[in-house]
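Chains as they are written, first to last, in UniProt numbering: chain H, 1 to 483; chain Y, 1 to 483.
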């Protein structure tokens, strides 16, 4: 989902009344970012509070390549990483993930081995249908075991776009919250739905209800679901004890627009890129009785901050034996403070850009290759900013392209290299980059090796379902990451 | 000002708290349009309730050319047109225009000859400074007479952007409202400020206060002024008797961005074009006690509707002897109705595009000529949609380019000519166009002839100021309208 997909963020059809209401009752973050323009690294960063280049969710197979966890990926979240639910356990929290895990699907990466107590969802995206010879369908897990497979046991109609997955995820969330409230146990619910990811789907009751087509139907179903979750918290009388944060894992995928892709509002390009459209996210904090209604913050925030903020809410300290990139946003949310901190925009292990204050310096620009672009793969459809949306990897290390995001949120007008403003801003950002690079210890890259033998041939539980498939011979290869 | 310039419409710096509050207390129109992508024809349409091609505010000097009223224009609003203030007089209204008239500056076009009782403002844009040999500075009028001239008597600092013109216009508005309230007289105030038009300016107290630079300073000053006007109405106890509507006369001028131009949000191109960025406008209706707070409307609205709606509010009927294009929006505003009506996008006397429901058909596409574009005149900076943002005038009369503005607000993905959806929508729109053209009686074009003799050499009142200049010999020529 992109920054521009909610009514509160200027989507012209304004079809998200519940999220808009959540913002009206809580705090809207206008300058909130993901840690990566792609799903797996973004979700790994959220749960570890660390940049993907530290927690291992990146590749070194090519320069500045986005990578994720398809079902032939060998890697996943390393045991050495401390995940938010592992830490929250110390404070007595029950932790549940509902939705897409995406941090590796081999047994050692299972979410219940990394701090979660419950899981209802799938390890990978809902791609498919597959043929079970070349590749198996993606399983849906309940806790330790898979209990059905997409397209075989669970319908996702690619023609009509009908699937009631979000409804399943919603019901599971409501049930979990009820159970926790009944047992008076504190909980962390990571409602990590995979809508609006392509192939886009929505439940029958939402199909055809949006001005925006199927993608809008999916957004409306998310909006409705969030509304139901918030209402449930209120009806159970625990809304003043429950901190809720809504955001997305990357910008809208413009490549699949308009039917399967959304809006990044006035920002440049989309998912896969380190322009604002790829990484600036809609974000809303909600906590009645604590957050002043109708708040608006320009704090530079990041999904990694949810790690630190959640620990703070639970009265816990972040680990001191490693670099944590997230910051505690409670002073921002509760007292309206602004914390000075930069935003780092990575693609693979390359630092593409840095934002400090309203300035953003690009050290590398790339949308994707000419070769890919000529095949119609376009991360910036209809947008073309000369020297900015480049199709060759352009290095600007010694003379970064600098934009002022207040005057120029669309990254169209690089500042003059000769201006005093340029020199002052770049000098400041150069210092931040130096400091960042000096202390950076990259993690072991997890997204380099792919092997068809590790696919979901025989997920745990397959025996009960009678659905165990024989894996082919192991044949590890470098994964191919074209962009 | 553009659709995307207000916080309520998704501007990322969200610096318009008063206009956002006006929307929260009133009704936000998301699908509201101007009648022309340029100022003079748009303002003529607002005051007459008629398309520029009917009221004469267009040119036939070239095909599909935008035209306005520079100070060498010979034409202006014809006597045969009935303006909103002329009609409101019948219901006892006192009518005042504060700001830019722009409907012709020769004596016969003076606003006090066309229904206004009072005028504080100027006949043309605040371009300049001029040298009084090639062209005189633009005068500022109080009622019948000019009382000072921009740049000579009134400072507009083009270097710093400082000018307190909006403050003068604000004070004048507050005073007029107070006077009317004291005398218990109904009033129509047309607060037609010329900010944020380039050269952009703001008062000292607003300079440097916006994240967005000088343009944002100007927006903030407008926002603050609107807030003060609404508060004044409330303090005088007449807010429940006063209908207020906020909108703009054309999309943000991207040609002068980022310093002098604003944002059209997710829409394509800007001022001068018939893409959404050129003609979709921010729009808010406010009338406490009558309009339900927080309303949102998808009614296809137009500045010409303010003519019909105002007459309706005053209990008057629109003239029956001519075609009126505006519709009465009161059923929309007060009862939440949706009225089926198309939007016509003209450039000069060419019908470039038509919107019906969520479909928009382009019969002609053009941003501007290659010749102009190669000189850096760009109405769509950073945007380039193949076959859409064309630099030659492309005719699509027999096979219009069709967009679905719900799924594709940015006009990037024309529908397939072969699709059933295309055929049905185009058939419907073709009927509307036929009906429109069958009844269209174009007015005498007013914007064809320019003559340096008619410039503001000796505006009424110049004797008292000792500033009368001798006009050169009359030398009428075809005005040059390059785009």
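Glycine included, every Cβ here is placed at the ideal spot set by N, Cα and C. Bear in mind that the values here come from a model prediction, so they are computed numbers and not experimental data.
For residue i, the first and last residue of its enclosing beta strand (DSSP E)
i: residue 141/H; result: 139-142
i: residue 74/H; result: Run containing residue 74/H: none; DSSP gives neither H nor E here.
i: residue 52/H; result: Note, residue 52/H: premise wrong, no beta strand (DSSP E); alpha helix (DSSP H) at 52-55.
i: residue 547/Y; result: It is not possible to answer for residue 547/Y, since the shown part of chain Y is limited to 1 through 483.
i: residue 98/Y; result: 94-99
i: residue 486/Y; result: Because chain Y spans 1 through 483 in this model, residue 486/Y falls outside it and cannot be assessed.
i: residue 354/Y; result: 350-356
Nearest-angstrom beta carbon gap, residue j and residue i [assumed within contact, 8 Å]
i: residue 449/H; j: residue 479/H; result: 7 Å
i: residue 456/Y; j: residue 71/Y; result: 5 Å
i: residue 484/H; j: residue 251/H; result: Only positions 1 to 483 of chain H appear in the structure, and residue 484/H is not among them; the question remains open.
i: residue 414/H; j: residue 401/H; result: 5 Å
i: residue 69/Y; j: residue 279/Y; result: About 19 Å separates the two Cβ atoms, so there is no contact after all.
i: residue 259/H; j: residue 201/H; result: Contact flag wrong, Cβ pair sits at about 12 Å.
i: residue 446/Y; j: residue 57/Y; result: 6 Å
i: residue 469/H; j: residue 136/H; result: 6 Å
i: residue 38/Y; j: residue 375/Y; result: The pair is not a contact, with the Cβ atoms about 19 Å apart (cut-off 8 Å).
i: residue 50/H; j: residue 324/H; result: 6 Å
Spatial neighbours of residue i in its chain, beta-carbon cut-off 7 Å, leaving aside the 5 residues before and after
i: residue 530/H; result: Because residue 530/H is not part of the residues shown, which for chain H are 1 to 483, the question remains open.
i: residue 417/Y; result: 399
i: residue 314/Y; result: 88, 91, 93
i: residue 158/Y; result: 199
i: residue 173/H; result: 98, 189, 191, 229
i: residue 61/Y; result: 448, 478, 479, 481
Start-to-end residues for the alpha helix (DSSP H) that takes in residue i
i: residue 44/Y; result: 39-48
i: residue 370/H; result: 370-374
i: residue 310/Y; result: 305-313
i: residue 422/Y; result: 420-438
i: residue 25/H; result: 17-25
i: residue 296/H; result: Not the alpha helix (DSSP H): residue 296/H falls in the beta strand (DSSP E), residues 295-297.
i: residue 447/Y; result: Counting along the chain, residue 447/Y falls outside any alpha helix (DSSP H), and DSSP gives it neither H nor E.
i: residue 343/H; result: It is not in any alpha helix (DSSP H) - residue 343/H instead sits in the beta strand (DSSP E) that spans 343-347.
i: residue 103/H; result: From DSSP, residue 103/H is part of no alpha helix (DSSP H); its letter is neither H nor E.
Cut-off 8 Å between Cβ atoms - residues of its own chain near residue i, not counting five sequence neighbours on either side
i: residue 94/Y; result: 117, 118, 180, 185, 186, 187, 188
i: residue 268/Y; result: 275, 276, 277, 380, 383, 385, 388, 389, 410, 411, 412
i: residue 169/H; result: 98, 99, 120, 121, 191, 193, 225
i: residue 213/Y; result: 258, 259
i: residue 106/Y; result: 74, 76, 454
i: residue 301/Y; result: 29, 31, 32, 33, 283, 329, 332
i: residue 422/Y; result: 402, 415, 416
i: residue 235/H; result: none
Close Cβ partners of residue i (< 6 Å) along its chain, the five nearest in sequence each way excluded
i: residue 55/Y; result: 44, 48, 81, 443
i: residue 140/Y; result: 122, 148
i: residue 299/Y; result: 332, 338
i: residue 210/H; result: 15, 216, 217, 220
i: residue 46/Y; result: 303, 306
i: residue 142/H; result: 120
i: residue 146/H; result: 139, 459, 461
i: residue 370/H; result: 391
ask   = Does the stretch 370-383 of chain Y touch the stretch 424-444 of chain Y, meaning 3 or more C-beta pairs lie closer than 8 Å?
value = no
inquiry  = Check whether the stretch 189-204 of chain Y and the stretch 90-110 of chain Y are in contact - that is, three or more C-beta pairs closer than 8 Å.
reply    = yes
task = Kindly confirm or deny that the stretch 10-19 of chain Y and the stretch 470-478 of chain H touch, where touching means at least three C-beta pairs closer than 8 Å.
result = no
message = Three or more C-beta pairs under 8 Å: does that hold for the stretch 4-11 of chain H against the stretch 225-238 of chain H?
response = no
query = Which parts of the stretch 218-271 of chain H are runs of the alpha helix (DSSP H), unbroken and 4 residues or longer, counting only runs that do not cross its ends?
reply = none
query = Are at least three pairs of beta-carbons, each pair with one atom in the stretch 25-41 of chain Y and one in the stretch 327-347 of chain Y, less than 8 Å apart?
reply = yes
query = Where in the stretch 361-405 of chain H do unbroken runs of the alpha helix (DSSP H), each at least 4 residues long, occur, reported from the N-terminal end onward?
reply = 370-374
task = Mind checking the stretch 305-327 of chain H against chain B and listing, in chain order, the residues whose C-beta falls within less than 8 Å of any C-beta there?
result = Among the protein chains of the structure shown, namely H and Y, there is no chain B.
task = Kindly confirm or deny that the stretch 148-166 of chain H and the stretch 119-138 of chain H touch, where touching means at least three C-beta pairs closer than 8 Å.
result = yes
Residue ranges of each beta strand (DSSP E) within the stretch 154-179 of chain H, 3 or longer = none
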